[in-house]
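> Each step along the sequence shown adds one to the number in my numbering, with nothing skipped, and position 70 is 61.
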Amino acid sequence: MMMTMMTRNVSPADTNETITMPHALELVGVCHSGPIAPNRSSLWSKMTYYPPTGLILKDISFEIHSGEMMAILGSKGSGKKALLELISHRINHQSTTRGQILLNDVPLTLRVFQEQCAFVSKRTELIEGLSVRQTLTYMAKMTIHQPIPRRLPDGSFMTIRFRVKQVMADTALTSLANLDVSELNEAERRRLSIAMHLIRDALLLVLDNPTSNLSPLDSYFIVSMLSNHCRKYQRILLFTIDNPRSDIFPFIDRVTFLSLGEIVYTGSTRMMMDYFSGIGFPCPELENPLMYYLCLSTVDRRSRERFIESSAQIAALVDKFKIDGQEYRKYNSPYVKLNYALSIPLTAYGKASTCTTILVLIARQFCSNLIWKRLFLKIGFIPLFCTLLYSFILPSLSETQNSFQTRSAIIFNLFASITFLTPIITSYCFYQHRNRFYEDSSRLSIYRGPSLIVTNILANLPMSLLQMFIAGSITYWTTAFRIDEYWLERWIVFCSVLWGLYTFVEQLTIGLMCFVRSSFNASLSASYFLTPFLIMGSTSFRSMLASPNILYYINWLNIYYWAGWTLHFIEFQFNTDLVRVPHVSTNNTVELCSSNVVPGKCMFLSGNHYLDQRFRDIKDIPEWSLIFWKNFAFIFIFAIGAYLINTVIYVIPLPASLKSKFRD
C-alpha cells in the first residue's frame, strides 16, 4: 500500500521540519493517444490541418518512491519521450489521455507539477552575461519563498546565499561560480541547467536524456550526481537515456523498458535480472544488463522476417509481464531504511512574491547587458553609425536652397537607421530572455508576460535613453541644426522624438519575436514591415499636398508621420536663417533669391514656405503651441500602445503549432 504525505503548502511560520511519510509517484493504467507524425508543412497547414492520431502509450502502470531514481529506456518510437511529456503536462492539446497519474495519492495536475515538480529538457536557455552564481541566485530568488523557514544544523535559518552555495557544491560548480555561462563547455552547461531546477528543491525531477552528447565520463558524473541528490534529500527522479552504460547501472534503482508504447518490464533493477532469467532470457556474464534488455525490447527492422519475429517476441514479453510482473512493479528497495532525513521540500513553502520576482527580473536583465557586446549594441551602435555618416561624410549645413532637402534627408536617414538597426539590437539582446520566459512561465509558472514586458522596459530604459540622446546629439551638433535662443528645448525634443521612435520599433520587434523563433527572421520581418510606413510618413519622398487624401488619413496612424512632422517643425518653422537663402548653381556661383519663387533655382522662400509645400494644415502654427505638443505627444502614445499590445500578446495562449517552435 502506497504511503502518503499531506501536500498542503507549509506556512513560513512553521519553522520546524516535520517528519513526513515517503513520497511516491504512481501511474495506473495510463493510455495516451495523439499525433503519430509531426506536421512539418506550412504555417497555414499547421494551424488548419490535424495530423492523424494513434495510440502512443498503452496501459502504463508503475510506481517510484522518494529516494529512488528511475530510468525509462526504449528505442526510437517506443514512447519514452511521450511518457515524460505526459507526466510533466507538456502534451499536445489534440491528444487524449486515460488513467491516473498520482503524486502522494493526489492527481498530478499541471498546477501541482509546476508548484512541486520540475522538468529539465536537453536544451535549457542560459542568459549570456551572467555568471554561474548569478544565474542560480536569480533563479533561487524567484522560486523560493523568503525568508526560508528551514533551520540549519547551527540553528540559524537557511538563506538564498547558503542555498546557492549548497547546490553549487552538490553539482560541482563551485570552482566555476564566477565564470560567465558563455564560457562553459557542454557538460558544465548541462550541470548548470540541472542545478537551476535543483535550487528550488522540487519533490519530483523529470529529465529528458540528461546525458545526450556527453562523454562517458561526464555522463557518469551527471548520473552519480543525480543519484546522490535523490538519496540525500529523498526526492523522486525520473529520466530517459538513449545509451545506458554499464557504469551507471549501480545508480539506477528502478527501470522501465518501453516498446511501441507498452511496458516490457518495470520495477527494481535488483530484481530485473531475476525476472528475465526466470522467463528464459538470462543476461550473459560480461554484458551490460541495461543495454542487453534494451536490445531485447527493440524491434529489429533489418528485414521483414526479423521484424515479424522480434515483434512477436516483444508482444509475448509484454503479455508475460502483465501476468507475472505485479510483484516486481511493487517491490521496494531496502535502501529506504537508511538514515536519510525526510525534509519538507522548499517548494512546499511557495514561491517569491510578484514584487520580488519583478525586481529580480529587472536585475537579471540589467546585469546581462553589462558585457561589452551588449553595451556596444545598447549604447554605441546607432551613435557610431551617426558618427560615420554625419561627422565624416556630411559637412555642416549651409544656408542655401539645397539645404532644405538636405535637412529633410538627414531626418529621413535618422529614421531609417533606427528602423533598420533597432530590430538587430533588440533581436540579439532579447531572444535569450524570450526563450527563458517560455521555460520559466510554462514549466514553472514563475511569472507571466506582463512581468516580462514591464521588466524589459525598466531594465533597458537607461541604456535606450543614453543611446538615443548620444545619437541625437551627434547628429544635431555635427550637422549644425538650428541654433537659437531655444536651442536646448529643440535639442531635447529632437532626441526625445528619436527615443520614442526607437522604443516603438523595439516593442514591435519584441512582439514579432513572440511568433518568430529566429532572431534574424524577426529583425528582418520588423524592418520589412516598417519600411512602407517610413517612406510614406517621413514626407522626404512625397509631399502630403500631392498625396491622395486616403494616404494622408492613413498617416494619422503612422508614427513616422508625427515624428517627421515634429522634427521638420522645430527645424524649419520661423527659422530666420532660412529666409531667402541663395541658390548655388552648378558652376558654384551664388545667386541671391528675390521674394518670388524661381523654378529650378529659388524653390523655397523660407522655412515656413518649405513646410507649407510638404505638410497639410501646418501654415501659421505658432512655435511651442498646443498643436505642436499634441503632435509631439502622439509619438509616445504609439510607444505606450506598443507596450500595451505586447503585454496582451505575451499573455494570450499560443497555438500548439507556434508553441512547439520554442521547445526542444
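Each residue gets a CB set at the ideal place from its N, CA and C atoms; glycine is no exception.
What did DSSP end up calling residue 258 once you bin it into helix, strand or coil?
Three-state DSSP puts residue 258 in a strand.
> Tell me which same chain residues have a C-beta within less than 7 Å of the C-beta of residue 546, skipping the five on either side of it?
Around residue 546: 527, 528, 552.
> If residue 228 and residue 217 are in contact, beta carbons under 8 Å, what's the gap, nearest whole angstrom?
Right, the Cβ-Cβ distance comes to about 6 Å (below 8 Å), so this counts as a contact.
> Looking at the structure shown, is residue 565 part of a helix, part of a strand, or coil, going by DSSP?
Note: residue 565 maps to coil in three-state DSSP.
> Can a CB atom of chain C be found closer than 8 Å to the CB of residue 247?
Looking for chain C here will not work: only one protein chain is present.
> Counting C-beta neighbours from all protein chains within 10 Å, is the total for residue 329 16 or more, i.e. buried, or is it exposed?
Since pLDDT at residue 329 reaches only 46, below the 50 mark, its modelled position is unreliable, and the value read off the structure follows with that caveat. Burial call: exposed.
> Going by CA-CA distance only, name the one from 96, 491, 338, 429 that's closest to residue 405.
It is 491 whose Cα lies nearest to the Cα of residue 405.
> Straight-line CA distance for residue 539 to residue 531?
If I take the Cα positions, the gap works out to 16 Å.
> Under three-state DSSP, which class holds residue 252?
Correct three-state label for residue 252: coil.
> Following the continuous alpha helix (DSSP H) through residue 207, name the residue where it begins and the one where it ends.
From DSSP, the alpha helix (DSSP H) with residue 207 extends over 207 to 224.
> Does residue 430 come out as helix, strand or coil in the three-state DSSP assignment?
In this structure, residue 430 counts as helix in the three-state DSSP scheme.
> Can you find the residues in the same chain that come closer than 6 Å, C-beta to C-beta, to residue 638, ignoring five residues on each side of it along the sequence?
Counting only Cβ-Cβ distances below 6 Å, and skipping sequence neighbours, we find 441, 444.
> For residue 497, which residues in the same chain have their Cβ closer than 6 Å to its Cβ, ignoring the five residues on either side in sequence?
Excluding positions up to five away in sequence, the list reads 413, 417.
> Measure from the alpha carbon of residue 454 to the alpha carbon of each residue in 46, 147, 357, 343, then state which is nearest.
Of the listed residues, the one whose Cα sits closest to residue 454 is 357.
> Run through DSSP, which three-state label would residue 642 get?
Three-state result, residue 642: coil.
> Specify whether the stretch 125 to 135 and the stretch 147 to 165 touch according to this definition: at least 3 beta carbon pairs, one from each stretch, less than 8 Å apart.
Result yes; three or more Cβ-Cβ pairs closer than 8 Å.
> Could you give the distance in angstroms between the alpha-carbon of residue 182 and the alpha-carbon of residue 201?
Rounded to whole angstroms, residue 182 to residue 201 spans 9 Å at the Cα level.
> Hey, residue 359 and residue 119 are a contact pair by Cβ (cut 8 Å); roughly how many whole angstroms apart?
Rounded, the Cβ-Cβ distance is 7 Å, consistent with contact.
> Quick check on residue 235: buried or exposed, where buried means 16 or more other Cβ atoms within 10 Å of its Cβ?
Looking at its Cβ environment, which holds 16 or more other Cβ atoms inside 10 Å, residue 235 is buried.
> With residue 522 and residue 381 assumed to form a contact (beta carbons below 8 Å), what rounded beta-carbon distance in angstroms separates them?
Contact flag wrong, Cβ pair sits at about 22 Å.
> Judging by CA-CA distance, which residue of 144, 124, 393 is the nearest neighbour of residue 168?
Taking only the C-alpha atoms, the option nearest residue 168 is 124.
> How is the beta strand (DSSP E) around residue 72 delimited, first residue to last?
Careful: residue 72 lies outside any beta strand (DSSP E), inside the alpha helix (DSSP H) at 71 to 78.
> By the three-class DSSP mapping on this structure, what secondary structure does residue 241 have?
Helix, per DSSP.
> Please go through the same chain and pick out, in chain order, the residues whose beta-carbon is closer than 6 Å to the beta-carbon of residue 605, but skip the five residues on each side of it.
Here the set comprises 530, 534.
> Can you check which of these residues, 623, 64, 600, 27, is closest to residue 240 by C-alpha distance?
Of the listed residues, the one whose Cα sits closest to residue 240 is 64.
> Please report the distance separating the alpha-carbon of residue 3 from that of residue 139.
For residue 3, the predicted model reports a pLDDT of 42, less than 50, meaning its position is unreliable; a value from the coordinates is still stated below. C-alpha separation (whole angstroms): 7 Å.
> Measuring alpha carbon to alpha carbon, tell me which residue in 220, 464, 278, 419 is nearest residue 366.
Checking every option, the nearest Cα to that of residue 366 belongs to 419.
> With a 10 Å radius around its C-beta and 16 neighbouring C-beta atoms as the bar for buried, classify residue 465 as buried or exposed.
With 16 or more Cβ atoms within 10 Å of its Cβ, residue 465 is classed as buried.
> Please determine, among 494, 231, 562, the residue with the shortest C-alpha to C-alpha distance to residue 658.
The structure shown does not extend to residue 658, since the chain is modelled only from -8 to 655, so the question has no answer here.
> Rank 488, 631, 508 by C-alpha distance to the C-alpha of residue 560 and give the top, closest one.
The shortest Cα separation from residue 560 among 488, 631, 508 belongs to 488.
> Identify, in the order they occur along the chain, each residue of the same chain with its Cβ nearer than 6 Å to the Cβ of residue 326, setting aside the five sequence neighbours on each side.
Bear in mind that a pLDDT of 49 at residue 326, under 50, signals an unreliable position, so the number given afterwards is only what the model happens to contain. Closer than 6 Å at the Cβ level, and outside the excluded window around residue 326, lies no residue.
> Please return the same chain residues whose Cβ sits closer than 7 Å to the Cβ of residue 481, not counting the five positions on each side in sequence.
Answer for residue 481: 473, 561, listed in chain order.
> Among the candidates 247, 105, 600, whose CA atom is the shortest distance from the CA of residue 435?
The residue with the shortest Cα to Cα distance from residue 435 is 105.
> Is the beta carbon of residue 308 closer than 8 Å to that of residue 255?
Yes, the Cβ-Cβ distance between residue 255 and residue 308 is below 8 Å.
> Classify residue 510: buried if its beta carbon has 16 or more other beta carbons within 10 angstroms, exposed otherwise.
Buried: at least 16 other Cβ atoms inside 10 Å.
> When the Cα of residue 680 is compared with those of 311, 407, 626, 501, which residue comes out closest?
Nothing about residue 680 can be reported from this structure: the residues present for the chain run from -8 to 655 only.
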